[in-house]
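Chemist: Numbering (UniProt numbering), first residue to last: 1 to 263. Idealized CB from N, CA, C, for every residue including glycine. Since we're looking at a predicted model, the values are computed, not measured.
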Amino acid sequence: MSNSFADELRKIPFVTRVVCASSLSVTLSCIMQLVPPYKVLFIREYVIQRWEIWRPFTSLFLGTMKFEYIFELFMLYRNSNSLETQHYARRSADYAWQLFLATIGILIVNIPLQSVVHSRPLLHTLTYLVSSLSPPGSQASIMGLITIPVTYFPYAMLGMDLLMGGTGAAAQGVSGMIVGHLWWWFVWGSGTGAGGAEQGRLAGYGQAPGWLRNWFGETSITPSTGMHRDGVTSYAPRRRAEESAGAPRTGYNWGSGHRLGDS
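(1) Any idea what DSSP makes of Ala140, helix, strand or coil?
(2) By alpha-carbon positions, which one of Thr127, Leu163, Met164, Ser82 ends up nearest to Val150?
(3) What whole-angstrom Cβ distance do Gly196 and Trp183 have, given they're in contact under 8 Å?
(4) Helix, strand or coil: which one does DSSP assign to Pro149?
(5) What's the C-alpha gap between Leu212 and Gly63?
(6) State the start and end residues of the unbroken alpha helix (DSSP H) segment that holds Tyr205.
(7) Have a look at Ser5 and Ile146 and give me their C-alpha separation to the nearest angstrom.
(8) With H, G and I counted as helix, E and B as strand and the rest as coil, what does DSSP make of Val187?
(9) Any idea if Ile48 is buried or exposed, counting beta-carbon neighbours within 10 angstroms, 16 or more meaning buried?
(10) Can you name the start and end residues of the alpha helix (DSSP H) that Leu76 belongs to?
(11) Helix, strand or coil: which one does DSSP assign to Ser115?
(12) Helix, strand or coil: how does DSSP classify Val35 here?
(13) Does the separation of the CB atoms of Leu73 and Ser23 fall below 8 Å?
(14) Suppose contacts are defined by Cβ-Cβ distances below 8 Å. Is Ser175 in contact with Leu113 by that definition?
(15) What's the gap between the Cα of Cys20 and the Cα of Phe42?
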């Protein structure tokens, strides 16, 4: 049983595994009261003056400490796994590097909001990028009840944050969407959708440094191949037609966002 579980874990791409493990470690540690939530929040004064340099990292992975966290974690996994296995296939180093730059962007954009938790903006960033790179005409199912074009899904998710978490949560969601849009625009290119190659103005800066590529064992740059790519919660029209006979549509309860200052 243990070997089988370990084998399943090893099937998860490395960066996605690290992202999900980080979320689980930080959130469960706080839920189980092993670590006070106050110790993992992003407080600039403590980072700069006390050198508590772990706070930017932990603030990105402190999820909602409620039942909804299960859905947040699942969505985080699906988004990251879709990007790493499809859009960044055999290029985990590039994905890790671009994700690192995106997290810096999240921290910067949230400075005016004085946000102390950034897990929701991170989720919105990945959701926006996955939706932007989904096949044309793809549909997203929300909780199995409502089907909308996948391009509108990030905005529907933002509306849920507003209803469940208030304006503070919605503001953080907007910050994540801004970073996701910049990621898509400058690295992939404004006209790039499913099957496209990275052709944005800053695509070259999105390539991982040599030391990181070597660490991943990716000694050569593998360009995007134009392979068919599905979004995390989307399905292409022809795929939907093929699966409609036997496969039920799935939807997820996205949970609530964090209000500013919540722990």
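Modeler: By the coordinates alone:
(1) Walking along the sequence shown from the start, residue 140 turns up at place 140. Strand, per DSSP.
(2) By 1-based counting over the sequence shown, the position of residue 150 is 150. Minimum Cα distance to Val150 is reached at Thr127.
(3) By one-based count along the sequence shown, residue 196 stands at place 196. By one-based count along the sequence shown, residue 183 stands at place 183. Trp183 and Gly196 do not touch by the CB rule: their CB atoms are close to 14 Å apart, not below 8 Å.
(4) Along the sequence shown, one-based indexing puts residue 149 at 149. Strand, per DSSP.
(5) Counting from one through the sequence shown, the residue named residue 212 turns up at place 212. Counting from one through the sequence shown, the residue named residue 63 turns up at place 63. Going from the Cα of Leu212 to the Cα of Gly63 covers about 28 Å.
(6) Translated into positions along the sequence shown, residue 205 becomes position 205. Run containing Tyr205: none; DSSP gives neither H nor E here.
(7) Taking the sequence shown and counting its residues from 1, one reaches residue 5 at position 5. Taking the sequence shown and counting its residues from 1, one reaches residue 146 at position 146. Per the sequence shown, residue 5 should be read as Phe rather than Ser. Cα to Cα, the separation comes out at about 34 Å.
(8) As a working mapping, residue 187 is identified with position 187 in the sequence shown. If DSSP states are grouped into helix, strand and coil, Val187 belongs with the helices.
(9) For the purposes of this step, residue 48 is taken as residue 48 along the sequence shown, with counting starting at 1. Per the 10 Å Cβ criterion, exposed.
(10) Position 76 of the sequence shown, counted from the start, is the residue given in the question as residue 76. From DSSP, the alpha helix (DSSP H) with Leu76 extends over 69-82.
(11) Mapped onto the sequence shown, residue 115 falls at position 115. Here Ser115 sits in coil by DSSP.
(12) For the purposes of this step, residue 35 is identified with residue 35 of the sequence shown, where counting begins at 1. DSSP places Val35 outside both helix and strand once states are collapsed to three, so it counts as coil.
(13) Stepping through the sequence shown from its first residue, residue 73 is reached at position 73. Stepping through the sequence shown from its first residue, residue 23 is reached at position 23. Yes, Cβ-Cβ distance for Leu73 and Ser23 is below 8 Å.
(14) Counted from its first residue, the sequence shown places residue 175 at position 175. Counted from its first residue, the sequence shown places residue 113 at position 113. It is a contact, given that the beta carbons lie within the stated cut-off.
(15) For the purposes of this step, residue 20 is taken as the residue at position 20 of the sequence shown. For the purposes of this step, residue 42 is taken as the residue at position 42 of the sequence shown. Looking at the two C-alpha atoms, the distance is approximately 19 Å.
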